[in-house]
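Novice: Dropping a structure here in C-alpha cells format, bear with me for questions.
Shown next as C-alpha cells:
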C-alpha cells in the first residue's frame, strides 16, 4: 500500500520556518495503530490524516472532510498548524475548487478559507481561568526560572497552562529561555496540564507591531517545543484580547523557527487564526 504524504511549513511564507506538519490524504480510513505508527515515523509535532466524508467527492471537489491529528506518541483533540497545512495542501496540491473547506474533527467543525496569499481558520476560543501561582510553583520554576511572573492561568478544555512574564521582561527574555522538557514533564503529573505556554506582552509600536510573544512546550504529548502552535493561540487570543482590549492582534511565536499569526476574536465565542503555509516535501509512504 502506498500513502501520499506532504510536508508543509505552517504560519510562515518561507521554507524551513514556521511549524512543519505531515499531511496524508487517504481514500479510506486506516486503523488507529497504523495512524500512530506513521506519525511516529514522520516524527513531527503533528501528522494529519484527511479522509472524504462523501465517497463520491474527490480531494479536488469535496468541501467537507474528516481530519485527525497524531503526535509521535498520541492522538490530540485540536491542532492549528496541521489544520492550516491540511487546508493549504488541498488548495495547493489538489487544486480544490471551493473557497472554504470544512474539517470534521474531535473539536467540531473547523473551516479553512483561502484569503489572499494565506488562509483563515475558524477555531473555538479557549478562555483560561486565573490560577494561584503557588499551585503550579514547581512547573513555573522549571519553565521560567527566576524571571518575574505576572499571571498564571489554566485553560481547562485544552489543559494548557499559561505563564505570563512581567511586562518588564523584553522579548529577549522569552527567546533566551532554556526549558528542560523532561524536567517540565516530571514537575507536573496530576494530569491537569498537558502543555505550557510562556507569554509576554509585545511591542505594538515597533514594526511589525506584535501584540504579544509566546513559546509552547508539550512533553506530555511527545513534543519538546512546538515551533508555532495554533491551538495555544485559542487560549492566548482569549487572554490577550481581554488584557489589551483588542479584537484583532498580531502574534509571534518565538521558537527557533519562529512564526506569525493574525488573530481576530469574535463575539460568537470563536477565533479566526490566519497564516500562510509553504510546501516543502511530497512523497509516498510504502507499507
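Numbering (the working numbering), first residue to last: 138 to 424.
Just so you know, even glycine gets a beta-carbon here, dropped at the ideal spot from N, CA and C.
Take residue 268 and list the residues in its own chain whose beta-carbon comes closer than 7 Å to its own, dropping the five residues that flank it on each side.
Specialist: Excluding sequence neighbours, residue 268 sits near 289, 290 and 291.
Novice: In angstroms with no decimal places, state the Cα-to-Cα distance between residue 375 and residue 217.
Specialist: In a straight line, the C-alpha of residue 375 is about 15 Å away from that of residue 217.
Novice: In terms of residues, what are the limits of the beta strand (DSSP E) holding residue 414?
Specialist: Residues 414 to 423.
Novice: Let me know the secondary structure DSSP gives residue 356 once reduced to three states.
Specialist: It is helical.
Novice: Name the DSSP beta bridge partners of residue 387, please?
Specialist: Residue 387 pairs with 399.
Novice: With three or more C-beta pairs closer than 8 Å as the rule, is the region 253 to 263 touching the region 205 to 223?
Specialist: At 8 Å Cβ cutoff, the stretches touch.
Novice: Which runs of the beta strand (DSSP E), 3 residues or longer, sit entirely within the region 270 to 343?
Specialist: Listed in chain order, the complete beta strand (DSSP E) runs (minimum 3 residues) inside the region 270 to 343 are 286 to 292, 297 to 302 and 332 to 338.
Novice: Tell me whether the beta-carbon of residue 297 lies closer than 9 Å to the beta-carbon of residue 238.
Specialist: Not in contact: residue 297 and residue 238 (Cβ atoms no closer than 9 Å).
Novice: With a Cβ-Cβ cutoff of 9 Å, do residue 176 and residue 183 count as a contact?
Specialist: Taking 9 Å as the Cβ cut-off, residue 176 and residue 183 qualify as a contacting pair.
Novice: So which of 188, 384 and 178 has the shortest CA-CA distance to residue 211?
Specialist: Ranking 188, 384 and 178 by Cα distance to residue 211 puts 178 first.
Novice: So, residue 149 versus residue 388, is the Cβ gap smaller than 9 Å?
Specialist: No.
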